[in-house]
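Q: Residue numbers (full-length UniProt numbering): 1 to 365. No residue lacks a Cβ here, since even glycine has one placed at the ideal position from N, Cα and C. Computed from a predicted structure; not experimentally measured. Can you keep this structure in mind? I'll have questions shortly.
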């Protein structure tokens, strides 16, 4: 089995120079001995040689956005040949399917281990306790978030109690204008959440803003959360600053409240920047150099100024997968990154109204 460049196998906490790391990843993914069938096939369609032309993260703009091809590609063709016959795959995971057929990626255990090490460091920085049980009301099945957080909770010393969310079904309900049924589905989720919340030792609650808002309509459940839960993590759809402040200061003042931002096309998630005040926006720093963001003016194809809003372009650069220049359905405010990071930090993330000629519906996730 061909050896990878040492930069591609660094342990968590050892941060490579981003551009040197990128060049090592490009050589891995576009060499015939180690690259995936997906990228080796598409290399012939490019009007440049990636190994020669891509020297810095700014050069990733040379690539077309191939993300839509992930709707139909054979999953095995995404795995680099350099891993050999048994690459240690965690699973094949789908995007949300908000704008048509879902896109599909393959996650390897070595990447998930690195991602979870980063997640643990971020949760520790927020003061989220270890050795407690989590109640997770998030998508499972074909969605990455369920599988990754089950492993994260186990590694932190707790048990996972799961209430599955089917985001595609809720979006279909909303698309046909049946708000009553959408409300009934959310109530169904709360009915399921209440049982483990009452009967089990739950230290962390992980759910989406619409589900948290619906939970807060039941006074007895608010009291249970106040009594038991040490931290609340919200993910998926965004939470407006006023509601976030209400939860932090009035409803759950003794619990850590923090948020996560994730995307299938970057094979992962990050937690909001620690130390933000009640009036600050939720800022998300990239897990550089693996997960990076750019906030751009799509019409001009240039970065917006810091503090201005633009479309989010995401890149995933790793040993197990390479997905550059993916234009996302989200807008965000461009924030200056922390020292040494590639790309931008992002804040105030919100979906555009339409994406790929489809109306964007958030629903409960």
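According to DSSP, simplified to helix, strand and coil, what is residue 227?
A: Residue numbering aside, residue 227 sits at position 227 when the chain shown is read from its first letter. In the structure shown, residue 227 sits in a helix (DSSP, three-state: H, G or I).
Q: Please return the same chain residues whose Cβ sits closer than 7 Å to the Cβ of residue 16, not counting the five positions on each side in sequence.
A: As a working mapping, residue 16 is identified with position 16 in the chain shown. For residue 16, where only same-chain residues beyond five positions count, the Cβ hits under 7 Å are 7, 10 and 289.
Q: With DSSP as the reference, label residue 195 as helix, strand or coil.
A: The residue you call residue 195 lines up with position 195 of the chain shown. Reduced to three states, the DSSP call for residue 195 is helix.
Q: How would you call residue 50, buried or exposed, if buried means at least 16 neighbouring beta carbons within 10 angstroms?
A: Here residue 50 refers to the residue found at position 50 when the chain shown is read from its first residue. That one is buried.
Q: Can you find at least 3 beta carbon pairs, one from the segment 151-158 and one from the segment 226-245, that sit closer than 8 Å?
A: Segments in contact, no.
Q: Does DSSP put residue 121 in a helix, in a strand, or in coil?
A: Sequence index remark: in the chain shown, residue 121 carries index 121 (1-based). DSSP places residue 121 in helix when its eight states are reduced to three.
Q: Roughly how many whole angstroms lie between the Cα atoms of residue 365 and residue 186?
A: What you label residue 365 is simply residue 365 of the chain shown in a count that begins at 1. What you label residue 186 is simply residue 186 of the chain shown in a count that begins at 1. Because the pLDDT at residue 365 is just 48, under 50, the model does not fix this residue reliably, and the point stays unresolved.
Q: When the Cα of residue 63 is compared with those of 332, 330 and 314, which residue comes out closest?
A: As a first step, residue 63 is located in the chain shown; it is residue number 63 there, counting from the start. The candidate whose alpha carbon is nearest that of residue 63 is 314.
Q: Which of the three DSSP states, helix, strand or coil, is assigned to residue 247?
A: For the purposes of this step, residue 247 is taken as the residue at position 247 of the chain shown. Residue 247: helix per DSSP, three-state reduction.
Q: Closest to residue 265 by C-alpha separation, out of 293, 280, 250 and 247, would be which residue?
A: Within the chain shown, residue 265 is the residue found at index 265, counting from 1. For the residues 293, 280, 250 and 247, the minimum Cα distance to residue 265 belongs to 293.
Q: Along the chain, which unbroken stretches of the alpha helix (DSSP H) at least 4 residues long are found entirely within the segment 23-75?
A: Whole alpha helix (DSSP H) segments, 4+ residues: 37-43 and 50-53.
Q: Please check the pair residue 271 and residue 126, which I expect to be a contact at CB under 8 Å, by giving their CB distance rounded to whole angstroms.
A: Counting from 1 along the chain shown, the entry for residue 271 is found at position 271. Counting from 1 along the chain shown, the entry for residue 126 is found at position 126. Contact flag correct, Cβ pair sits at about 7 Å.
Q: Express the C-alpha separation of residue 32 and residue 43 in angstroms, rounding to a whole number.
A: Numbered from its first residue, the chain shown carries residue 43 at position 43. Numbered from its first residue, the chain shown carries residue 32 at position 32. Each residue's Cα considered, the two are about 10 Å apart.
Q: Quick check on the burial criterion: 16 or more other C-beta atoms within 10 angstroms. Buried or exposed for residue 184?
A: By one-based count along the chain shown, residue 184 stands at place 184. So residue 184 ends up on the exposed side.
Q: Should the segment 53-69 be called in touch with the segment 324-341, which here means at least 3 C-beta pairs below 8 Å?
A: Counting Cβ pairs under 8 Å, three or more are found: they touch.
Q: Tell me the residue span of the alpha helix (DSSP H) that contains residue 149.
A: Stepping through the chain shown from its first residue, residue 149 is reached at position 149. Run containing residue 149: 144-155, per the alpha helix (DSSP H) assignment.
Q: Grouping DSSP H, G and I as helix and E and B as strand, with all else coil, what is residue 205?
A: Here residue 205 refers to the residue found at position 205 when the chain shown is read from its first residue. Correct three-state label for residue 205: strand.
Q: With a threshold of 16 other CB atoms inside 10 Å of the CB of residue 344, please say whether the residue is buried or exposed.
A: Counted from its first residue, the chain shown places residue 344 at position 344. Label assigned to residue 344: buried.
Q: Out of 348, 39 and 100, which has the shortest C-alpha to C-alpha gap to residue 413?
A: A query on residue 413 cannot be resolved here, the shown segment of the chain reaching from 1 to 365 and no further.
Q: Inspect the beta-carbon positions of residue 286 and residue 341 and report whether they are closer than 7 Å.
A: As a first step, residue 286 must be located in the chain shown, where it is residue number 286. As a first step, residue 341 must be located in the chain shown, where it is residue number 341. Their beta carbons are under 7 Å apart, which means residue 286 touches residue 341 by this criterion.
Q: On the DSSP letters alone, give me the boundaries of the beta strand (DSSP E) that residue 295 sits inside.
A: Here residue 295 refers to the residue found at position 295 when the chain shown is read from its first residue. Per DSSP, residue 295 belongs to the beta strand (DSSP E) from 291-297.
Q: Among 41, 123 and 191, which has the Cα closest to the Cα of residue 164?
A: Counting from one through the chain shown, the residue named residue 164 turns up at place 164. Cα-wise, what sits closest to residue 164 is 191.
Q: Pick helix, strand or coil for residue 166, following the three-state DSSP scheme.
A: Mapped onto the chain shown, residue 166 falls at position 166. In the structure shown, residue 166 sits in coil (DSSP, three-state: anything other than H, G, I, E or B).
Q: List the residues that DSSP assigns as beta-bridge partners of residue 323.
A: Your numbering for residue 323 matches position 323 in the chain shown. Note: residue 323 sits in a beta bridge opposite 316.
Q: Would the beta-carbon of residue 387 fall within 7 Å of that of residue 106?
A: Examination of residue 387 is not possible in this model, given that the chain is present from 1 through 365 alone.
Q: Could you have a look at residue 266 and say whether DSSP puts it in helix, strand or coil?
A: For the purposes of this step, residue 266 is taken as the residue at position 266 of the chain shown. It is helical.
Q: Flag this pair as touching only if the segment 206-216 and the segment 240-255 have three or more C-beta atom pairs under 8 Å; answer yes or no.
A: Yes: the two stretches touch, three or more of their Cβ pairs being nearer than 8 Å.
Q: According to DSSP, residue 283 sits in a beta bridge with which residue or residues?
A: Walking along the chain shown from the start, residue 283 turns up at place 283. Paired residue(s): 347.
Q: With a threshold of 7 Å on Cβ separation, who are the neighbours of residue 189 within its own chain once the five nearest residues in sequence on each side are excluded?
A: Start at 1 with the first residue of the chain shown, and residue 189 comes out as number 189. The answer, listed in chain order, is 137, 163, 165 and 211.
Q: Helix, strand or coil: how does DSSP classify residue 210 here?
A: As a first step, residue 210 must be located in the chain shown, where it is residue number 210. Helix, per DSSP.
Q: Indicate whether at least one CB of chain D lies closer than 7 Å to the CB of residue 262.
A: Any reference to chain D falls outside this structure, which holds one protein chain only.
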